[in-house]
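Numbering (our numbering) for the sequence shown: -18 to 190.
From the three backbone atoms N, C-alpha and C, an ideal C-beta is built for every residue, glycine too.
Here the structure is laid out as structure tokens; the discussion comes afterwards.
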Amino acid sequence: MDKWPSLQNPGGGLVLASLSESRRSMLSAAGLNFRQIGSGVDEHALRAELETDEGWTPAKVALALARSKALAVSAIERDAHIIGADQVLDVNGAIWDKPGSRDKAREQLLELTGNEHKLHSAVCVALAGEVVWEAVDTAHIRFRDYSTDFVDRYLALADDSLFNCVGACQIEALGVHLFERVNGDFFTILGLPLLPLLGYLRETGLILR
């Protein structure tokens, strides 16, 4: 019996338009062979522009950002399927930035305690400079009523990667202690609707059905 290195069919290269370690880990664990290229998209500027459009929603912003990342890399890698992704934290209809610092993370965590919010994760695939597929998924998360002492200990144990996560929530690590209830897909919470993406890759023949 022939031995194959993965479930992926030969040819049809994949590129992840992101340097995200979390998304890299998810795709690698799924057995995909791919390259990573940063998109260079100015997310803050694009998001600010999108939020001025009438009828914008956090989910639409996440999808537009994922689309922009995929198209930016597809412009230079035209023969590959480019995967772009984005995630936004929706707090009562407002989008929160990644904290970026310990002080901002503490501020966000203290505001989130005892409340329920949404995580919108979007993924887009581009080929030859055109969007060929996209999806967005939403998870509802309820934060437990944790103490200030817990937040301070949580942040003391965290490394700097935490400050690049929306809401300072790493559910795959110590962040699991933040939540009372989660309603939604695990991969969506991590920042990539992986199951719909794998379904699309099967439909196109890039991986085995």
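Beta-ladder partner(s) of residue i, from DSSP
i: Val22; result: Answer is none; Val22 lacks a bridge partner.
i: Asn145; result: None, per the DSSP bridge assignment.
i: Lys99; result: Asp71, His121
i: Glu111; result: Leu108
i: Gly65; result: Cys105
i: Leu0; result: Answer by DSSP bridge pairing: none, since Leu0 is not bridged.
i: Ile76; result: Asp71
i: Ala116; result: Val104
i: Gln(-11); result: Ile188
i: Leu(-5); result: His62
Straight-line Cα distance separating residue j from residue i
i: Asn96; j: Glu161; result: 10 Å
i: Leu44; j: Leu136; result: 30 Å
i: Arg87; j: Arg125; result: 15 Å
i: Asn14; j: Ile122; result: 32 Å
i: Cys191; j: Leu138; result: For residue 191 there is no data in the structure shown, the boundaries of the chain being -18 and 190.
i: His56; j: Val157; result: It is worth fixing the name first, because residue 56 is Ala in this sequence and not His. About 38 Å.
i: Trp37; j: Lys79; result: 20 Å
i: Ser9; j: Leu91; result: 34 Å
i: Glu111; j: Ala75; result: 30 Å
i: Leu103; j: Thr169; result: It should be noted that the sequence gives Ala, not Leu, for residue 103. Spanning the two alpha carbons is a distance of roughly 8 Å.
i: Met(-18); j: Gly172; result: Only weak support is given to the placement of Met(-18): the predicted model assigns it a pLDDT of 40, under 50, and the question is left unresolved by the model.
i: Glu32; j: Glu153; result: 30 Å
i: Ser6; j: Asp34; result: 34 Å
i: Tyr181; j: Phe131; result: 41 Å
i: His101; j: Pro39; result: 7 Å
i: His25; j: Leu155; result: 27 Å
i: Thr129; j: Val54; result: 42 Å
i: Arg192; j: Glu184; result: Here the chain comprises residues numbered -18 to 190, so residue 192 is not present and cannot be evaluated.
i: Glu2; j: Ser142; result: 9 Å
i: Glu30; j: Leu159; result: 32 Å
Presumed contact (8 Å Cβ cut-off) between residue i and residue j, rounded CB distance
i: Gly186; j: Gln89; result: Rounded, the Cβ-Cβ distance is 43 Å, inconsistent with contact.
i: Gly191; j: Phe144; result: A question about residue 191 goes unanswered here, because the residues of the chain that appear run from -18 up to 190.
i: Gly21; j: Leu0; result: With a Cβ gap of about 10 Å, Gly21 and Leu0 do not count as contacting.
i: Val106; j: His62; result: 6 Å
i: Asp67; j: Lys50; result: 7 Å
i: Asp166; j: Leu178; result: That pair is no contact at about 11 Å.
i: Leu(-3); j: Leu27; result: About 19 Å separates the two Cβ atoms, so there is no contact after all.
Other residues of its chain near residue i: CB distance less than 8 Å, five sequence neighbours each side excluded
i: Asn(-10); result: Gly186, Leu187, Ile188, Leu189
Residues near residue i in its chain [Cβ-Cβ closer than 6 Å; skip 5 each side]
i: Asn164; result: His121
i: Thr52; result: With the sequence shown as reference, residue 52 is identified as Leu, and Thr is not the correct amino acid for it. Answer for Leu52: Ala107, listed in chain order.
i: Tyr127; result: Thr94
i: Asp(-6); result: Position check: residue -6 holds Gly in this sequence, whereas Asp was assumed. Cβ neighbours of Gly(-6) beyond the five flanking positions: Ala61.
i: Arg16; result: Val(-4)
Close beta carbons around residue i, own chain, < 7 Å, minus the five adjacent residues each side
i: Arg48; result: Gly65, Cys105, Val112, Glu115
i: Arg59; result: Ala109, Gly110
i: Trp77; result: Leu70, Gln89, Val147, Gly148
i: Leu(-12); result: Gly12, Ile188, Leu189
i: Arg4; result: Leu(-3), Ala66, Gly172, Leu173
i: His98; result: Leu70, Asp71, Val72, Ile122
message = Could you tell me which whole alpha helix (DSSP H) segments of length 4 or greater appear in the region 129 to 180?
response = 129 to 138, 167 to 171
request  = Give, in chain order, every unbroken run of the alpha helix (DSSP H) that is at least 4 residues long and sits entirely within the region 6 to 62.
outcome  = 24 to 31, 39 to 55
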